[in-house]
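Comments concern the structure below.
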Amino acid sequence: MTNVDPNDLGSRYFKKTLFTAIIITSLLGCGSSSEEPNPVENTPPAESEPITDTSPEPFSFMAVNDVELSTAVISESVTITGINAATDISVTGGQYSINGGLYTAEDSTVSTGDQISLQVTAPDTAQTTTSVEINVGDISATFTVTTAEETAAPTPALTSLIFNLDTIHSINDLNVFDRKKFITIHASHTENDWYNVGTNASSDLITEFAEGYDVYFGRDTGGMRYQLSLLAESATQSGFVDAEMATSNGGNSRWTYKTNTDQRAETQRQHEHRNLNMVVAAQQHPYWPDGKDTGQGWAFSQLDSAAEPFGTATGDYMGQFVAKYFNKNDGVDIYGQPKPKYIEVMNEPLYELIDFAEDPTTIEKVFEFHTNVAAAIKAVNHDSSLANTDVLVGGYTVAFPDFDKQNFDRWEQRDKAFIDIAGENMDFISLHLYDFPAFQNREELRAGSNIEATFDMLEHYMALTLGEVKPFMVSEYGSQVHSLFNQPWLAQRDWYHLRAINSQLMSFLERANNIEMAIPFIPVKAEWGRLSETVPYYARLMRQNKEIEGQTGDEYVYTDMVKFYQLWSNVNGTRVDSYSTDRDFQLDAYVEDNSAYLIINSLEKEVQTIDVSLLGINQDKISDIMLKILFHENGTTHLVESDLSSIEELNQLTIAAESTVIIELTFSEDIELPHTQTETKYYADSYKHPITADTSASFNINNVDIAETGEAILRLGLGREHGKSLQPNVTINGNPVEIDPDYRGYDQYQDGQGRQQYFGVIEIPISNDHLQTDNLITIEFADDGGFITSVAMQYFAHSKVMPRN
Numbered sequence: 105m106t107n108v109d110p111n112d113l114g115s116r117y118f119k120k121t122l123f124t125a126i127i128i129t130s131l132l133g134c135g136s137s138s139e140e141p142n143p144v145e146n147t148p149p150a151e152s153e154p155i156t157d158t159s160p161e162p163f164s165f166m167a168v169n170d171v172e173l174s175t176a177v178i179s180e181s182v183t184i185t186g187i188n189a190a191t192d193i194s195v196t197g198g199q200y201s202i203n204g205g206l207y208t209a210e211d212s213t214v215s216t217g218d219q220i221s222l223q224v225t226a227p228d229t230a231q232t233t234t235s236v237e238i239n240v241g242d243i244s245a246t247f248t249v250t251t252a253e254e255t256a257a258p259t260p261a262l263t264s265l266i267f268n269l270d271t272i273h274s275i276n277d278l279n280v281f282d283r284k285k286f287i288t289i290h291a292s293h294t295e296n297d298w299y300n301v302g303t304n305a306s307s308d309l310i311t312e313f314a315e316g317y318d319v320y321f322g323r324d325t326g327g328m329r330y331q332l333s334l335l336a337e338s339a340t341q342s343g344f345v346d347a348e349m350a351t352s353n354g355g356n357s358r359w360t361y362k363t364n365t366d367q368r369a370e371t372q373r374q375h376e377h378r379n380l381n382m383v384v385a386a387q388q389h390p391y392w393p394d395g396k397d398t399g400q401g402w403a404f405s406q407l408d409s410a411a412e413p414f415g416t417a418t419g420d421y422m423g424q425f426v427a428k429y430f431n432k433n434d435g436v437d438i439y440g441q442p443k444p445k446y447i448e449v450m451n452e453p454l455y456e457l458i459d460f461a462e463d464p465t466t467i468e469k470v471f472e473f474h475t476n477v478a479a480a481i482k483a484v485n486h487d488s489s490l491a492n493t494d495v496l497v498g499g500y501t502v503a504f505p506d507f508d509k510q511n512f513d514r515w516e517q518r519d520k521a522f523i524d525i526a527g528e529n530m531d532f533i534s535l536h537l538y539d540f541p542a543f544q545n546r547e548e549l550r551a552g553s554n555i556e557a558t559f560d561m562l563e564h565y566m567a568l569t570l571g572e573v574k575p576f577m578v579s580e581y582g583s584q585v586h587s588l589f590n591q592p593w594l595a596q597r598d599w600y601h602l603r604a605i606n607s608q609l610m611s612f613l614e615r616a617n618n619i620e621m622a623i624p625f626i627p628v629k630a631e632w633g634r635l636s637e638t639v640p641y642y643a644r645l646m647r648q649n650k651e652i653e654g655q656t657g658d659e660y661v662y663t664d665m666v667k668f669y670q671l672w673s674n675v676n677g678t679r680v681d682s683y684s685t686d687r688d689f690q691l692d693a694y695v696e697d698n699s700a701y702l703i704i705n706s707l708e709k710e711v712q713t714i715d716v717s718l719l720g721i722n723q724d725k726i727s728d729i730m731l732k733i734l735f736h737e738n739g740t741t742h743l744v745e746s747d748l749s750s751i752e753e754l755n756q757l758t759i760a761a762e763s764t765v766i767i768e769l770t771f772s773e774d775i776e777l778p779h780t781q782t783e784t785k786y787y788a789d790s791y792k793h794p795i796t797a798d799t800s801a802s803f804n805i806n807n808v809d810i811a812e813t814g815e816a817i818l819r820l821g822l823g824r825e826h827g828k829s830l831q832p833n834v835t836i837n838g839n840p841v842e843i844d845p846d847y848r849g850y851d852q853y854q855d856g857q858g859r860q861q862y863f864g865v866i867e868i869p870i871s872n873d874h875l876q877t878d879n880l881i882t883i884e885f886a887d888d889g890g891f892i893t894s895v896a897m898q899y900f901a902h903s904k905v906m907p908r909n
């Protein structure tokens, strides 16, 4: 067993405990949030003052033996009971954690139901015992750790991670970490969940969270619906909203937002600068014109004519909502909250309208609806008397973009068809990406090569047919654990979500130029998803105390989801070069003034050892090194922060399975950035080529701008049955190239318990000497079946020779 040591990087992590989920439920659509005019206030009845009791029931910790030298060992958790008031807690000889929080040696207080674990560094000699003592009130307990007999440990293979901190990495002139795009939450700044004072552990939750961790608001799927429910039907145009009433209601909403002086209103305005990139989205009902009541006894028009294409009435309302209920963004208007930047025409429309509909419509009609709604939204917002024209419209917000299903018929009938029918009229392509770690006894992950193949196929097809790659709106991503739905808060479920969010975010950052926004599906409390008297929807930032055994009360506290925001809280700056000799380590790095942030995400399912090399800087100027480490061990997600005493400690760093590490470096002076690395992505002249055994498939990638110093990655998207070869013979301009059999992420087969077939990207380094302006790529397999789904090339032009070994 390997344990975490905040002071010794030689052995840092516990091995991940495997978890198998076996309960199966049906796929669930995604929930919504809502905006109501007034918060609900609850006043508890007066009670007599209880007698204060700060003497807990006795507790103890099991000793741990045979541990490795100089490693940090974490105890099991114990629950504090028997007290009814805040009670002092202190530690000697180690650190403690409350409810899975950061380990600390500082004195604090605990309450009944709190879970405590201890951390202590094992001795640096064999068969030696050390201990840490914890005091809670007048009760003490000791956790002892004994090292194993001294044995010669095998030397693990070393993976090299290289960071050139003097070299700016740009993609189409984009080279900054945009927190408004990537550090977001599925909520708006006006949601009631932030302001339920008396039910939150924090007296000012939104300020503590958004400002404390530098988070931006991302998406709302309820506010537009609520305002619709208050509007009457037009007296002159059947099936349309009353435009004059929308003007009046919108004006009142804008006035109220600006002029209210209560604490909630002032707090909302304080955080509105974090709401500038807001996405508003519609659910299926009542927006889909099929007679569903909007809330005032009328329904959207179902006409489909040249003068009024199907969906025009729906789009007209959405356009009026954006134009009339928000600030006009014209530099003059002072009323109303910031105008949403994006509208998603419909949230996951095919799920309810086709896949599980009693009377399904056609896919073509849904996609034509998107085109017509977009046109109507733009028609309203192009009226300069109402608003500026900066609203962007997109779709189709696909729930599960499984292109490879039914031998890629899913791609042909849905995602390709959407681009063919509505692509030109969309400002962005919207999709949801989820890992399924426990679905029908299978582990179907997107993280790794699958998410790369999904994006590459979309990008390649749009480049061929539209002449451009439309930006992507990833308005939900993370993990859905179907076997653990409708259960109280679970640490294991949160870990699956956190693991997916970090690995997928790293893929988004690699193509930051094509990502309009990425929003992890983390609502605040998700009370809209509460079923009867059970629990809210599974993914959420907050939980009630009573959801953990041994704790009581309705008060809301953070779930483990907050650890994502704590981990990324400081990352900012200009992107610089990073390189790994193993693609199962996703890297990124940023420099801001005298600080550098190195991000390492492991897709490996076993503990690995890495060597971190810092190049292009004077290492003597480093004044501080801090590590933030997010990992999972013994059913608990840990976020550990520690300081290093020297840069040499990064030379052999042990990384836990599927963990994320952010190394924060502080220098005594600003970091200079004299060198550049410019990345350009090129696509072949054809895509989705069927594979025939012993038959060469040819692709041309032309007009490549070759630099004197550069490198390239050839990206082959492949969709094949498991057992088929993933090692084709590949040449570029007649030169054979070598293919690394260890592609990004897990093997997708997972001993028969993974994805139904392989759909991923094989990444092949190409020598600069083999490249020309116009390039011929040949690909030949020894067996039949499946498709070469995309062929692309990333080209990196350098202003200096980049070390890669």
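If you're matching positions, the sequence shown starts at 105 in the working numbering and goes up one per residue. Beta carbons: idealized from backbone N, C-alpha and C, even for Gly.
Alpha carbon to alpha carbon, what distance is there between residue j and residue i?
i    : j    : result
L820 : I275 : 20 Å
D539 : I766 : 23 Å
S772 : S750 : 15 Å
E943 : T835 : Residue 943 lies beyond the residue range present for the chain, which begins at 105 and ends at 909; the question has no answer from this structure.
D524 : I458 : 19 Å
E620 : T303 : 35 Å
P143 : E528 : Confidence in P143 is poor, its pLDDT being 38 and thus under 50, which makes the residue's placement unreliable; the coordinate value appears in the next sentence. Going from the Cα of P143 to the Cα of E528 covers about 42 Å.
L818 : A896 : 6 Å
I805 : S790 : 9 Å
N879 : N837 : 6 Å
A811 : Y899 : 9 Å
V680 : S409 : 54 Å
Y320 : I870 : 39 Å
F165 : E556 : 45 Å
Q648 : N353 : 36 Å
A480 : P413 : 9 Å
In terms of residue numbering, what span does the alpha helix (DSSP H) encompassing residue i cover?
i    : result
S409 : Unbroken run through S409: none, as it is neither H nor E.
L748 : Careful: L748 lies outside any alpha helix (DSSP H), inside the beta strand (DSSP E) at T740 to L748.
R908 : No alpha helix (DSSP H) holds R908; DSSP gives it neither H nor E.
I555 : S553 to T569
V666 : V666 to L671
Under the three-state reduction of DSSP, which class applies to residue i: helix, strand or coil?
i    : result
M577 : strand
F863 : strand
Q854 : helix
Q655 : coil
L822 : strand
V426 : helix
K785 : strand
A96  : With the chain covering 105 to 909 only, the question about residue 96 has no answer from this structure.
Y439 : coil
F163 : coil
L132 : Caution applies to L132, whose pLDDT of 37 falls short of 50 and renders its modelled position unreliable; the value that the coordinates give is listed next. L132 falls in the coil class under three-state DSSP.
So, is the C-beta of residue i closer than 8 Å to a C-beta in chain E?
i    : result
G657 : In the displayed structure, chain E is absent; only one protein chain is listed.
Got a sec, what are the start and stop residues for the beta strand (DSSP E) residue i sits in?
i    : result
A53  : Since the first residue shown for the chain is 105 and the last is 909, residue 53 is missing from the structure and cannot be characterised.
M646 : M646 to Q648
D728 : I726 to E737
L769 : T764 to F771
F286 : No beta strand (DSSP E) holds F286; the alpha helix (DSSP H) holding it covers R283 to F286.
If you measure between the beta carbons of residue i and residue j, is that distance less than 8 Å?
i    : j    : result
A403 : N451 : no
A630 : H586 : no
L278 : A616 : yes
A226 : V171 : yes
D774 : N698 : yes
G849 : S553 : yes
Q441 : E376 : yes
| Taking only runs of the beta strand (DSSP E) that begin and end inside the stretch 572-644, which ones reach a length of at least 3 residues, in chain order? | 576-583 and 619-624
| said: For a minimum of 3 consecutive residues, which ranges assigned as the beta strand (DSSP E) are wholly contained in the stretch 166-250? | reply: 168-171, 176-178, 191-196, 199-202, 212-214, 219-225 and 233-240
| task | Ignoring anything shorter than 4 residues or poking outside the stretch 443-521, list the alpha helix (DSSP H) runs there in chain order. | result | 467-485 and 509-514
| query | What residue ranges within the stretch 321-396 form continuous beta strand (DSSP E) runs of no fewer than 3 residues, ordered along the chain? | reply | 383-385
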